[in-house]
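Numbering follows the UniProt record's numbering, with no gaps: position 349 of the sequence shown is 349.
Some notes on the structure that comes next.
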Amino acid sequence: MVPFRVIIVGGSVAGLALANMLEQYGIDFVVLEKHESIAPHLGAGFAMLPHGARILDQLGCYNALEKLSTPIDTMVGYDENAEKCTKISNIGVILEQSLGYKMGFLERQQVVQGLFDNLRDKSKIHNSCCVSRIHLTDDQVMVETNSGGFEGDLVVGADGVHSYVRHFECCYNAMFGTSVAPEGLIENQAFKGFKSDRSFLCSPGKGRLLYWIAMFKNGEKTSGDGIPRYTRDDCDRLATNFADDIIKPGVRLGDMYRNARKATLVPLEQGVLSTCFYKRIVLVGDSWHKINPITGQGGNTAIAGAAYLTDGLMDLLDREETPTQASIEKLFSDYQQNRGSISKTLSENAHIMQRMEALETPFLKFFQLNVMRFLPLKFIRKRLLTSFNSGLLLKRLPPPSRSGTVQIGPHTQKAHPGPLSFLVKLWVLFLIPMTVVYYSLA
């Protein structure tokens, strides 16, 4: 009998994390990646957080990635005049003692490469393989590509926002960069800059590198096909317009851009598609849910979602050697219900966080620059642990090598409360990433 086979479209963090999970569970798979290289350098950073780190640890690739990352122990915020307005210390200590892992920054390219290197059978990865059509029948799928056809039992779309269906909104764009770090930066200290209709997030990295994101509010909200695609000239023009922005003393946007090894400008889509599957096709990661990078939750949420889907698939294969389409759709429905509510809340919270840090309204500006500094450490610690303890593990792999004082269990994450009508409920974390829940300010 032909073994059950999963066709993964996209060699993203979500796609390769899923490939590792399937391989270690003994489920056949193939990855179709359109780029020539499995890990193209796009200039983007990656925040490795405890709930993503513990799953990477189970897969056996965390230690290698940890050596490439820079742990964050302190976060400092600077106002419009580049004056210090907030500071949170002992972030790393709090997370490591409570959850077993610090947060760390590294290049997204390194995470993708690490996941690829961790695979035992790399022949299942097909580069320069562009999908042109997907054929569905009651009992299988057929994927047509420029390299030929691939047959399987289900298709997982892990190609980010390039999926066929795009109904996300876009209110901001982001310039991702990796630069030579200026002199005088404090080791293990990340920092943010708050400006009118824009914000900056920066973190030092290994080898005198500085990972940074500059986020700018668009002139208008766009969606679907109306979301712009930026060129190198667009990136140069925006960097020139705001070149004199000082994030902190000694750090200017113009200098970071001039010293960038790589910089790219992309739209920041946001939102969660109401439906993530159709028959034998399902979406994971950015293909389904887009989370503003200001919170660092996107990649970690994608890894957790892939874990939930993999465990559900393994449970199904235990019950049915050849699952019916009805059984597969039931699996996808459960995945959509569980991960969808969590992802929607995280996406909404990240958008509100972005509005706060870009000082969009007088209230947000006052709160960000004058109230945040007075939040007690106990409050921050509680929100930290709520945000970073998903309680999700791969059920059939050995537990991670590290643990903290906070107990976790498989698949127990619950969505944080969302914005409530006529009630202002702020869950504020001055950190990377942060979770903020608060009444609609529109």
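All C-beta atoms, glycine included, are put in the ideal place defined by N, C-alpha and C.
Residue from the options with nearest C-alpha to residue i
{"i": "Ile91", "options": "Glu36, Ala39, Gln189, Ser347", "result": "Gln189"}
{"i": "Cys130", "options": "Leu201, Gly10, Thr240, Ser69", "result": "Gly10"}
{"i": "Val272", "options": "Ser401, Asp117, Val284", "result": "Val284"}
{"i": "Thr386", "options": "Thr222, His51, Gly148, Asp255", "result": "His51"}
{"i": "Pro323", "options": "Ser12, Glu96, Gln110, Gln140", "result": "Gln140"}
{"i": "Ala17", "options": "Arg133, Ala82, Asn300, Tyr78", "result": "Asn300"}
{"i": "Asp291", "options": "Leu210, Gly226, His351", "result": "In the sequence on display, residue 291 carries Ile and not Asp. Minimum Cα distance to Ile291 is reached at His351."}
{"i": "Asn146", "options": "Ile134, Arg237, Ser128", "result": "Ser128"}
{"i": "Arg232", "options": "Asp225, Gly177, Asp73", "result": "Gly177"}
{"i": "Gly219", "options": "Gln270, Asp197, Asp121, Leu397", "result": "Asp197"}
{"i": "Glu269", "options": "Arg108, Gly104, Ser199, Ile227", "result": "Ile227"}
{"i": "Leu334", "options": "Arg402, Glu320, Leu313, Asp28", "result": "According to the sequence shown, residue 334 is Asp rather than Leu. Ranking Arg402, Glu320, Leu313, Asp28 by Cα distance to Asp334 puts Leu313 first."}
{"i": "Thr222", "options": "Ala174, Cys170, Asn241", "result": "Cys170"}
{"i": "Ala174", "options": "Ile125, Glu66, Lys122, Leu201", "result": "Leu201"}
{"i": "Met48", "options": "Phe277, Val2, Ser327, Gly104", "result": "Gly104"}
{"i": "Val2", "options": "Arg208, Gly152, Gly254, Gln368", "result": "Gly152"}
{"i": "Ser401", "options": "Tyr62, Pro40, Leu377", "result": "Tyr62"}
{"i": "Arg208", "options": "Phe332, Arg261, Arg237, Asp234", "result": "Arg261"}
{"i": "Gly111", "options": "Gly184, Gly60, Asp121", "result": "Residue 111 is actually Val in this sequence, not Gly. The shortest Cα separation from Val111 among Gly184, Gly60, Asp121 belongs to Gly60."}
{"i": "Met21", "options": "Ser287, Leu384, Phe116", "result": "Phe116"}
{"i": "Pro23", "options": "Asp121, Glu329, Ser69, Asp225", "result": "In the sequence on display, residue 23 carries Glu and not Pro. For Glu23, the nearest C-alpha among the options comes from Asp121."}
{"i": "Gly254", "options": "Ile213, Ile408, Leu384, Asp315", "result": "Ile213"}
{"i": "Ile328", "options": "Leu375, Lys279, Arg319", "result": "Lys279"}
{"i": "Pro40", "options": "Tyr25, Asp234, Asp225, Ala263", "result": "Ala263"}
Exposure label - residue i; buried when at least 16 CB within 10 Å
{"i": "Ile186", "result": "exposed"}
{"i": "Thr310", "result": "buried"}
{"i": "Lys192", "result": "buried"}
{"i": "Pro267", "result": "buried"}
{"i": "Ser347", "result": "buried"}
{"i": "Ile38", "result": "buried"}
{"i": "Val371", "result": "exposed"}
{"i": "Gln58", "result": "buried"}
{"i": "Ser12", "result": "buried"}
{"i": "residue 482", "result": "Since the first residue of the chain shown is 1 and the last is 442, residue 482 is not available in this structure."}
{"i": "Thr412", "result": "Note that Thr412 scores a pLDDT of 47, beneath 50, so its modelled location is shaky; the value from the coordinates is reported in the next line. The residue is exposed, with fewer than 16 neighbouring Cβ atoms inside 10 Å."}
{"i": "Gln97", "result": "exposed"}
{"i": "His135", "result": "exposed"}
{"i": "Asn241", "result": "exposed"}
{"i": "Pro293", "result": "buried"}
{"i": "Gly77", "result": "buried"}
{"i": "Leu377", "result": "exposed"}
{"i": "Phe4", "result": "buried"}
{"i": "Asp236", "result": "exposed"}
{"i": "Arg319", "result": "exposed"}
Beta-carbon spacing of residue i, residue j below 7 angstroms
{"i": "Ile55", "j": "Val30", "result": "no"}
{"i": "Ala19", "j": "Ala302", "result": "no"}
{"i": "Pro71", "j": "Lys102", "result": "yes"}
{"i": "Asn389", "j": "Leu99", "result": "yes"}
{"i": "Lys217", "j": "Tyr257", "result": "no"}
{"i": "Asn259", "j": "Val180", "result": "yes"}
{"i": "residue 444", "j": "Thr295", "result": "This structure does not reach residue 444, given that the chain is present from 1 up to 442, and the question cannot be answered."}
{"i": "Pro204", "j": "Gly250", "result": "no"}
{"i": "Ile94", "j": "Met75", "result": "no"}
{"i": "Leu119", "j": "Phe46", "result": "no"}
{"i": "Gly114", "j": "Ala53", "result": "no"}
{"i": "Leu394", "j": "Ala307", "result": "yes"}
{"i": "Asp28", "j": "Gln325", "result": "no"}
{"i": "Tyr230", "j": "Leu265", "result": "yes"}
{"i": "Ala304", "j": "Leu392", "result": "yes"}
{"i": "Thr86", "j": "Arg373", "result": "yes"}
{"i": "Cys276", "j": "Gln336", "result": "yes"}
{"i": "Leu32", "j": "His126", "result": "yes"}
{"i": "Ala44", "j": "Arg133", "result": "no"}
{"i": "Glu321", "j": "Ser199", "result": "no"}
{"i": "Leu316", "j": "Leu331", "result": "yes"}
Short CB-CB distance (under 7 angstroms) between residue i and chain B
{"i": "Val141", "result": "No chain B appears in the structure shown, which is made up of a single protein chain."}
**Message:** Please give the ranges of any beta strand (DSSP E) in the segment 251-311, keeping only runs that are unbroken, at least 3 residues long and fully inside the region.
**Reply:** Listed in chain order, they are 260-272, 281-283.
**Request:** Evaluate contact between the segment 334-347 and the segment 357-364, counting only Cβ atoms and requiring at least three cross-stretch pairs below 8 angstroms.
**Result:** Taking 8 angstroms as the limit for Cβ pairs, the verdict is that the segment 357-364 does not touch the segment 334-347.
**Prompt:** Along the chain, which unbroken stretches of the beta strand (DSSP E) at least 3 residues long are found entirely within the segment 115-182?
**Reply:** If we require 3 residues or more, the beta strand (DSSP E) runs fully inside the segment 115-182 come out as 131-136, 141-145, 148-152, 154-157, 169-180.
**Request:** Kindly provide the ranges of any alpha helix (DSSP H) runs that are 4 or more residues long and lie completely inside the segment 317-383, ordered along the chain.
**Result:** With a minimum length of 4 residues, the continuous alpha helix (DSSP H) runs that stay inside the segment 317-383 are 325-357, 362-366.
**Asked** Counting Cβ pairs closer than 8 angstroms, one from the segment 137-156 and one from the segment 277-291, do we hit at least three?
**Response** Touching, yes.
**Contained alpha helix (DSSP H) runs [length at least 4] in the segment 37-63, N- to C-terminal order** = Those alpha helix (DSSP H) runs which fall completely within the segment 37-63 and span 4+ residues are 50-59.
**Three or more C-beta pairs below 8 angstroms linking the segment 80-88 and the segment 237-252** = The segment 80-88 makes contact with the segment 237-252: 3 or more CB pairs, one atom from each, lie closer than 8 angstroms.
**Unbroken stretches of the beta strand (DSSP E), 3 residues or longer, contained in the segment 56-116** = Here the runs fully enclosed are 74-78, 84-88, 104-107.
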